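Residue numbers (our numbering): 329 to 957.
Just so it is clear, CB atoms sit at the ideal spot from N, CA and C, and this is done for glycine as well.
Here the structure is a predicted model, which means the values were calculated and not measured.
Beneath this line is the structure, given in structure tokens, with notes to follow.
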């Protein structure tokens, strides 16, 4: 299914900078056929499912491994935790690198290595080998877990993304849910515990072969670089290049911009609280690997295979949650249309708001019906409610982060995955002694109380999410309040907080002067948009519906990168003579930057001119200089 599209050569590229040829360019992954997007989504979902299954299937092997290698169960359980800890460390590498080298090979190559380590675990001769190979299997296997969320944002439009994430999210949680049943059956058969690892390795290799046939690269900067390469060969114009090719990578830049970016994002309230909530419920999923065994095998005296069947109830709850999330996408699409087809992250939260209550109820119901004197059906219902609540929370948190950090969604998901994996890896280490000491009833009650304390998180973001994303709106000067706020009457210009993540500022002294460029892309918009831009005057306060599509800063571009914007090539507009200080990014401030545009006064307006005319209509550029409060 590799793309065989040829780039068009009748399209003009100002300053030799190759871009997509308008909204219908077949090189743009957003324009791929629905069938291709669907196949890629399912393939990546299954790819993630098998490594997620590998993370949990070893739980069934804890007892036989302990007996074979003469170690205690806590040591054997560490094999599950170490793989999940690998899940946490891997995203710090794979997520950022995917934004540098693309998605496809940064998923498939580590995935192959993870499958090899699964075979290493299957042939291990001692417990040390098991622990080491499980860790590296998780480290390399975390690549699809980390990057696939970014792939979904690459290929699906905002109104379609929710359904895609539902399908992807079900595979992530479906793997650990099915794993105990499969693992229990294998360990109880004559095949033994080693086949839990042989099976995962074989399935992963088979999936890899399918992926190589059906998956294409989806990261737009890499696709544009390939397009530029083909155009250079076809036209012999060696000046043609993509923006991605201008980047001269250094280790220092990689470290500062990519390795620490997930931790910078974690410092924002949105990423931290959403990741905390998702991590807690995901930790409960891995705690269930042990707690269900204690409840149904030790307390209720069920057999080794039958005691894993309650995971079916968990899976049913997960599937019901998928239906809830699909239904919510109708609400999201309505909000999206009302907002001019600009993402509305808060519209992703209603399932999470419901799920928090259902998850807490499921925990308490399971806790207080766990006695063997009580029929098992109420506890099974509690498990189903837990699955429903868990999945709505997890999926809503994931898609909310993707909607909020669209451009850097892979790094946001990496931050989420890191915290989630730390929780998931830690829970199996203490859950067995905790439940043996407190009992299933009080042990689960503790988790229910924590879940109840986290219920307000989605409500907080649903009500105040926009303000939290953007920061506190400062008071406007009374003189500016009276008649100087310039609200754009046209819905096609709007402010997108996610676009503003490139703002440059000083962490200590606040936001500085920022120069930005506004574009209008439709011929029908030209007259009104141009007239509106020309009506702006110094001192005007830009209202919330101004979209800053591009941020330009001369100092960051070393004051010589004139290729960044076509206005430099044609000299149609003079760049404002402003001295920019060398500033450092701080994501805590970036989160507030989007809303602070409300309080930014317009210092200058220069060069509101049509840039070029092509088959897609006029583009108009207005260079605005904004000053922070």
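It is roughly 26 angstroms from the alpha-carbon of residue 355 to the alpha-carbon of residue 740. Inter-segment contact for the segment 470-487 and the segment 430-450 is present: three or more beta-carbon pairs are separated by less than 8 angstroms.
Residue pairing from DSSP places residue 570 in a beta bridge opposite 346. By the 16-neighbour rule on beta-carbons within 10 angstroms, residue 777 is exposed.
Judged by DSSP in its simplified three-state form, residue 768 adopts helix.
Leaving aside the five residues that flank residue 747 on each side, the residues in its chain whose CB is nearer than 6 angstroms to its CB run, in chain order, 603 and 607.
Residue range 401-417 is occupied by the alpha helix (DSSP H) that includes residue 412. With a threshold of 16 other beta carbon atoms within 10 Å, residue 703 falls short and is exposed. Shortest Cα-Cα distance from residue 626 to any of 477, 368, 455 and 763 involves 763. In the structure shown, the three-state DSSP call for residue 679 is helix. In the DSSP assignment, residue 596 falls outside any alpha helix (DSSP H), carrying neither H nor E. Boundaries for residue 622: no alpha helix (DSSP H) harbours it, and the DSSP string shows neither H nor E there. For residue 472, the enclosing alpha helix (DSSP H) covers residues 455-483. In this structure, the beta-carbon distance from residue 775 to residue 723 does not fall below 8 angstroms. Bounds of the alpha helix (DSSP H) holding residue 433 are 432-450. For a cut-off of 8 angstroms, the C-beta gap from residue 628 to residue 700 is around 5 angstroms, short enough to register as a contact.
If the five residues before and after residue 656 are omitted, its C-beta is found closer than 6 angstroms to the C-beta atoms of 678 and 679, all from its own chain and listed in chain order. Judged by beta-carbon spacing, residue 495 lies within the 8 angstroms limit of residue 369, meaning their Cβ atoms are closer than that value. Membership of residue 378 in the alpha helix (DSSP H) is indicated by the continuous run 362-385. A direct Cα-Cα distance of roughly 54 angstroms separates residue 390 from residue 558. Listed in chain order, the non-local C-beta contacts of residue 710 below 6 angstroms within the same chain comprise 690, 693 and 694, local neighbours out to five positions each way being set aside. Distances from the CA of residue 527 to each of 572, 500 and 451 were compared; the closest alpha carbon is that of 451. Annotated as distal: residue 596 and residue 649, with beta-carbon spacing of 8 angstroms or more. Ranked by Cα distance from residue 600, the first of 405, 767, 618 and 745 is 745. Rounded to the nearest angstrom, the Cβ distance from residue 730 to residue 638 is 32 angstroms, too far for a contact under 8 angstroms. Residue 705 sits in a helix when the DSSP states are folded into three classes. Annotation for residue 455: 397 and 399 place their beta carbon closer than 6 angstroms to its own, counting only its chain and skipping 5 residues before and after. Residue 448 is not a Cβ neighbour of residue 413, given a cutoff of 8 angstroms. When the beta-carbon positions are compared, residue 598 and residue 751 stay at least 8 angstroms from each other. DSSP places residue 492 in the uninterrupted alpha helix (DSSP H) bounded by 486-516. The alpha-carbon of residue 564 is positioned some 17 angstroms away from that of residue 552. In the three-state DSSP reduction, residue 697 falls in the coil class, being neither helix nor strand.
Per DSSP, residue 352 lies in no alpha helix (DSSP H) and is assigned neither H nor E. Per the C-alpha coordinates, the member of 512, 457 and 725 positioned closest to residue 617 is 512.
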